[in-house]
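Structure record follows, encoded as structure tokens.
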Amino acid sequence: MPMSDTFKARLFPAIRDIAAHYGTPFHIYDEAGIRETGEQLKKAFAGIAGFREYFAVKALPNRRILQVMKEMGFGFDCSSIPELILAREVGAKPEEIMFTSNNTSREEFEFAAKDGGCILNLDDVSLIDKVPEFPELICFRYNPGPRRTGNVIIGHPEEAKYGVTHEQVVDAYRRAQARGAKRFGLHTMVASNELDYTYMVETARMLLEISALVEKELGIRFEFLNIGGGFGIPYKPEQHPLNLAAMSREITALFATFKDKHGYVPAMVMESGRYMTGPHGALVTIAINHKDTYRKYVGLDACMSSLMRPALYGSYHHIDVIGKEDLPKSEVYDVVGSLCENNDKFAIQRELPPIVDGDIVVIHDSGAHGHAMGFQYNGRLRPKELLLRADGSVELIRRAETVEDYFATYQFTPDAFIPKKA
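Residue 278 in numbering that gives the first Met the number 0 sits at position 279 of the sequence shown, and the numbers go up by one each step.
Okay, here's the thing in structure tokens:
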């Protein structure tokens, strides 16, 4: 189900007071739910020595959330300089940071090497010679191409811009050895928001097979295999959650079989983002306008600068109207924001109870790729973020953007640069 019953039980009784105190719109995250999910992951994969979750910072890049992840013993999957800064600010050690970038610049490589470096996860063989300071521990992102199918979000592997091909993978590690690498990892990410647990089992099987292939060719024994993220969450009420127990049982068995055959086994790590925080966040808004033309519209005080997944992917996010959760869904609305774009809609032709101006509308599952994907198009600004602490108190963990923020990057200089003529 979208948004757990425990999150609802913690949030809904207090939501009017929270909205009155902080003002809407805001994203709010459930600390207790995030911690519960983290503990479930650790318990599920406890049978694989060295298991670690590297939280995908792109899902929810908030310093306070990263502190919670660090307290649970997790590392961080980063793909930019600001994300590296966030991870280091909360105290992540070099091998607790996985830098998985794409189309990486020299500046990013140089920054990644600072402060003791990090685990460098290269996306392309052409980058091997571009890394200024080649690390002892190196990882490559593997793209199986037509050997695997993808899904609608990440695309078919052979069409994806990520990773080294099957034909390149052995040579990638050979060239890394030539540059001084002595320790190795292997990574892949071939699906996103996947609810079929068997897909993840096959991903683990694939990485174990590739690690055996590289070991046979080069004598490399991998320290870890990173099965990526992509664990799905049930955005729709009729969807079933990912079967974590079955998935972990089957993956653990694969690693045990590998150990029996090879005499050793790599550690397994993952980089879940959505699975860790997605269901533990909600966008809280207020209905401010109604329009009745060819359709009935409900206008909220938020727009897709707060949550763009519905516009970008056509994604479903469940909606509750506070105080009307048990009323018949007798109306059909497009639930919209105020951008000058017709796809600025949180829901299209959604059956909901009657909504009047002033009703609090809660949009579920905004805890991943919600605030993080925000923007300032049309001068619409990103909302505040709150944390519902485990003790029931509420903490402001990011203020809302202001008009002053919008204009802060303008640069006015008395003299313009005049380039030399060709």
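Quick reminder that beta carbons are idealized off the backbone N, C-alpha and C, glycines included.
Just so we're clear, the structure is a prediction, and the values are computed from it rather than from any experiment.
Notebook entry, point to check: Which residues in the same chain as R140 place their Cβ atom closer than 8 Å to its Cβ, once the five residues preceding and following it in sequence are excluded?
Noted result: Taking C-beta separations shorter than 8 Å and ignoring five residues to either side along the sequence, the partners of R140 in its chain run T99, N120, L121, D122, Y161, G162, V163, H186, T187 and M188, following chain order.
Notebook entry, point to check: From P1 to G231, what distance separates their C-alpha atoms?
Noted result: C-alpha separation (whole angstroms): 12 Å.
Note to self: Taking the straight line between their C-alpha atoms, what separation do you get for G115 and N225?
What the structure shows: For G115 and N225, the distance between alpha carbons rounds to 21 Å.
Margin query: Quick check: the Cα distance between E95 and L83, rounded to an integer number of angstroms?
Written below: Taking the straight line from one Cα to the other gives about 11 Å.
Checklist line | Where N341 sits in the DSSP three-state scheme | finding: Note: N341 maps to coil in three-state DSSP.
Check: Which residues in the same chain as E135 place their Cβ atom closer than 8 Å to its Cβ, once the five residues preceding and following it in sequence are excluded?
Finding: Contacts found: G179, A180, K181 and R182.
Item checked: Distance between E35 and M71 (C-alpha atoms, nearest Å) -> Each residue's Cα considered, the two are about 10 Å apart.
Check: Going straight from the alpha carbon of G373 to that of V169, what length do you get?
Finding: Distance between the alpha carbons of G373 and V169 is about 39 Å.
Note to self: Output needed for I152: all residues of its chain with C-beta closer than 6 Å, excluding positions within five of it in sequence on either side, in chain order.
What the structure shows: Here the model assigns I152 a pLDDT of 47, short of 50, so the residue's position is not dependable, and the following value carries that caveat. Excluding sequence neighbours, I152 sits near S191 and N192.
Check: Taking the DSSP output, what are the residues bridged to F54?
Finding: F75, per the DSSP bridge assignment.
Next item on the list: Using 10 angstroms around the beta-carbon of L326, count the other beta-carbons present and answer buried if the total reaches 16, otherwise exposed.
Entry: Looking at its Cβ environment, which holds fewer than 16 other Cβ atoms inside 10 Å, L326 is exposed.
Notebook entry, point to check: Considering only the beta carbon of each residue, do P278 and F223 sit closer than 9 Å?
Noted result: Not closer than 9 Å, so no.
Item checked: First through last residue of the beta strand (DSSP E) which encompasses V334 -> Membership of V334 in the beta strand (DSSP E) is indicated by the continuous run E330 to V335.
Next item on the list: Check the DSSP bridge columns for T164 and list the partner residues they point to.
Entry: Residue pairing for T164: DSSP places it in no beta bridge.
Margin query: Helix, strand or coil, according to DSSP, for K129 in the structure here?
Written below: Note: K129 maps to helix in three-state DSSP.
Notebook entry, point to check: If you draw a straight line from the alpha carbon of G74 to that of T197, how long is it in whole angstroms?
Noted result: A direct Cα-to-Cα measurement between G74 and T197 gives close to 25 Å.
Checklist line | As assigned by DSSP and simplified to three states, the class of N102 | finding: Correct three-state label for N102: coil.
Margin query: Contact defined as beta carbons within less than 8 Å: I believe D364 pairs with G280. What is the distance between those atoms, to the nearest angstrom?
Written below: With a Cβ gap of about 7 Å, D364 and G280 count as contacting.
Item checked: Per-residue DSSP class, three states only, for I226 -> Looking at I226 - three-state DSSP - the assignment turns out to be coil, as it is neither helix nor strand.
Notebook entry, point to check: Would DSSP call D358 helix, strand or coil?
Noted result: Three-state DSSP puts D358 in coil, outside helix and strand.
Next item on the list: Measure the alpha-carbon distance for K129 versus Y274 and round it to whole angstroms.
Entry: If I take the Cα positions, the gap works out to 34 Å.
Item checked: 7 Å Cβ shell around P60 - same chain, five flanking residues per side excluded -> Excluding residues within five positions, the ones whose Cβ falls inside 7 Å are E82, L85 and A371.
Next item on the list: Using a threshold of 9 Å, state whether the C-beta atoms of K295 and E330 are closer than that.
Entry: The answer is yes: Cβ separation under 9 Å.
Item checked: Span separating the alpha-carbon of A55 from that of K260 -> Approximately 32 Å between the Cα atoms of the pair.
Next item on the list: Answer yes or no: do F25 and A19 have a C-beta to C-beta separation smaller than 9 Å?
Entry: Remark: C-beta atoms of F25 and A19 do not approach each other more closely than 9 Å.
Next item on the list: State buried or exposed for F50, treating a residue as buried only when at least 16 other CB atoms are found within 10 Å of its CB.
Entry: In the assembly as shown, F50 is a buried residue. Its beta-carbon has 16 or more other beta-carbons within 10 Å.
Next item on the list: Mind checking which residues open and close the alpha helix (DSSP H) that includes I80?
Entry: First-last of the alpha helix (DSSP H) with I80: I80 to E88.
Checklist line | Simplified DSSP state of I152, which is helix, strand or coil | finding: Note that I152 scores a pLDDT of 47, beneath 50, so its modelled location is shaky and nothing firm can be said.
Item checked: Whether D76 touches G366 by CB criterion (9 Å) -> Result no, Cβ atoms of D76 and G366 do not sit closer than 9 Å.
Margin query: Buried or exposed, going by whether 16 or more other CB atoms sit within 10 Å of the CB of H289?
Written below: Classification for H289: exposed.
Checklist line | Nearest to G369 (by Cα), restricted to the options F411, N342, P353 and A310 | finding: Out of F411, N342, P353 and A310, A310 has the C-alpha closest to the C-alpha of G369.
Next item on the list: Could you name the residues of the same chain whose beta carbon sits closer than 6 Å to that of M267, not counting the 5 residues immediately before and after it, in chain order?
Entry: These residues qualify, in order along the chain: I47, F50 and L224.
Check: Rounded to the nearest angstrom, how far is the Cβ of G357 from that of A286, given a contact under 8 Å?
Finding: Confirmed, Cβ separation roughly 7 Å.
Note to self: If you reduce the DSSP assignment to three classes, tell me which class N242 lands in.
What the structure shows: In the three-state reduction of the DSSP assignment, N242 falls in the coil class, being assigned neither a helical nor a strand state.
Check: Hey, would you say I137 sits closer than 9 Å to A175, going by beta carbons?
Finding: Yes. Within cutoff.
Item checked: Nearest residue (CA-CA) to M97, options T292, G228 and T251 -> Measuring from the Cα of M97, the nearest candidate turns out to be G228.
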